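Chains as they are written, first to last, in this note's numbering: chain A, 3 to 207; chain B, 155 to 352.
Listed below in structure tokens is the structure:
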């Protein structure tokens, strides 16, 4: 989905709030959230792609205002409700207040039927696909052309796995783009490498 | 009195919401407290940047290991007793040179090779870094204190799939000949993400 989470290249954000040797966690509830969603994954309540997609489905204003771990918490609660582990009413009763969860999911998709194979050095174009459900293609590479650097081992296809759709594993290709091609006249010159699933790619004309 | 409407109920605090899920899990016999304690231990002791620092120090002092690391990162870090989760099938080690700086980001969420380079720092997960690192790499690095001369090329790696990355920093020349353990002490997490040089 073309969601608010797809931040790469979005303008208007200010300086990174950086400090050397910064911490991962700031409050004790953050570790508890991380532990609880790991427990849910371990018990097979949901997988990591469902987890990521439930974050992407957050109401955009909530997504932007929530901290990283509040987004984790929202995904965890959403999936526990959707999978029937707990009702929203029970969560709100226990929390003594309203408990915002993510919007419902659109249908997922399986691998693209006419997948192509690529070799290092091949020029490839990212397909102009608009996917309603989960997808791991950042919007900034859609329709753009790059060069294949290498092929990864085959991985479960996230667009399917996030939705319980059947699919076969497929490789990702390390594709090298020029920042100047991604954002003409509007980027610092650099090479940008993206791990792109085979289904998202076609040979460049 | 009619039932209270959702619309008029104040949002519970994050602490209350976490406690609600933990209590619901506890009620269902899922033993959440054990998981929290176990996670605490892993986060504090296991998933720390010192792992990656040992890998870097070994690569600086053992050319054969360096070759194995660059060829197959996942297998090579296992030699040092560092494992990766099953779904991280691939670790790509990005070698910096005097004229090349590699930088890691995850624009879609905040993925990292956390068992190797440690759980990511707060700023790595912030909207600013995720939005800007791919498009304004040189500017962002300069704002973060790494002002690279123009002859140093920048390569940004967006962790959009399940391949995981770590940066192999350039060894400072004054440290050549140091023992591995001492070398590991100078390798920061930020240098393995690529926002700092040593």
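Beta carbons: idealized from backbone N, C-alpha and C, even for Gly. All figures in this text were calculated on a predicted structure; none of them were measured in a lab.
In summary, the residues of the stretch 276-293 of chain B whose CB is separated from some CB of chain A by less than 7 Å are 276, 277, 279, 280, 281, 282, 283, 284, 285, 286, 288, 289, 290, 291, 292 and 293, in the order they occur in the chain. Neighbours of residue 199 of chain A across chain B, judged by C-beta separation under 8 Å: 315.
Contact with chain B is found for residue 194 of chain A, since one of that chain's Cβ atoms lies less than 8 Å from the residue's Cβ.
The C-beta of residue 163 of chain B comes closer than 8 Å to at least one C-beta of chain A. Scanning the stretch 210-285 of chain B for uninterrupted beta strand (DSSP E) segments of 3 residues or longer gives 245-249 and 254-259, listed from N- to C-terminal end. Using a Cβ distance threshold of 8 Å, residue 140 of chain A and residue 10 of chain A count as a contacting pair.
Residue-level contact by beta carbon fails for residue 147 of chain A and chain B, as no gap is shorter than 8 Å. Minimum Cα-Cα distance from residue 29 of chain A among the listed residues B:287, B:331 and B:168 corresponds to B:168. Residue 300 of chain B is positioned such that its CB atom lies no closer than 8 Å to that of residue 15 of chain A.
Rounded to the nearest angstrom, the Cβ distance from residue 178 of chain B to residue 96 of chain A is 6 Å, consistent with a contact under 8 Å. Judged by beta-carbon spacing, residue 43 of chain A lies beyond the 8 Å limit of residue 75 of chain A, meaning their Cβ atoms are not closer than that value. Taking 8 Å as the threshold, the shortest C-beta distance from residue 72 of chain A to chain B falls below it. 138, 139 and 140: these are the residues of the stretch 111-140 of chain A whose beta carbon lies less than 8 Å from some beta carbon of chain B, given in chain order. At a C-beta separation below 7 Å, residue 309 of chain B has these neighbours in chain A: 192, 193 and 195. Annotation: the continuous beta strand (DSSP E) that includes residue 172 of chain A extends over 172-180. Chain A places a beta carbon closer than 8 Å to that of residue 172 of chain B, counting this residue as a contact. At least one CB atom of chain B sits nearer than 8 Å to the CB of residue 38 of chain A.
Under the three-state reduction of DSSP, residue 298 of chain B is assigned to coil, being neither helix nor strand.
Nearest Cα to residue 155 of chain A within the set A:188, A:163 and A:174: A:174.
The alpha carbon of residue 233 of chain B has as its nearest neighbour, out of B:243, B:213, B:251 and B:241, the alpha carbon of B:213.
Close to residue 225 of chain B, with beta-carbon spacing below 7 Å, lies no residue of chain A; the smallest spacing is near 12 Å. About 7 Å separates the beta carbons of residue 292 of chain B and residue 192 of chain A, which is inside the 8 Å limit, making them a contact pair.
Residue 211 of chain B sits buried, since 16 or more C-beta atoms from the chains shown fall within 10 Å of its C-beta. Per DSSP, the continuous beta strand (DSSP E) segment holding residue 147 of chain A begins and ends at 147-157.
Collapsing the DSSP output to three states places residue 206 of chain B in a helix. Under the three-state reduction of DSSP, residue 329 of chain B is assigned to helix.
For residue 346 of chain B, the enclosing alpha helix (DSSP H) starts and ends at 343-347. The criterion of a C-beta distance shorter than 8 Å is not satisfied by residue 144 of chain A and residue 201 of chain A. Counting along the chain, no alpha helix (DSSP H) covers residue 25 of chain A, and no H or E run does either. Annotation: residue 253 of chain B has no Cβ neighbours in chain A at a cutoff of 8 Å; minimum Cβ distance is about 13 Å.
Ranked by Cα distance from residue 335 of chain B, the first of B:205, B:189 and B:277 is B:205. Counting only residues of its own chain and dropping the five nearest sequence neighbours on each side, residue 310 of chain B has a CB closer than 7 Å to the CB of 257, 259, 287, 288 and 291.
Among the residues facing chain A, residue 219 of chain B is not included, as its CB has no counterpart in that chain under 8 Å away. Under the three-state reduction of DSSP, residue 337 of chain B is assigned to helix.
With respect to chain B, the C-beta atom of residue 103 of chain A has no partner C-beta closer than 8 Å. As computed with DSSP, residue 309 of chain B is found in a beta bridge with A:193 and B:256.
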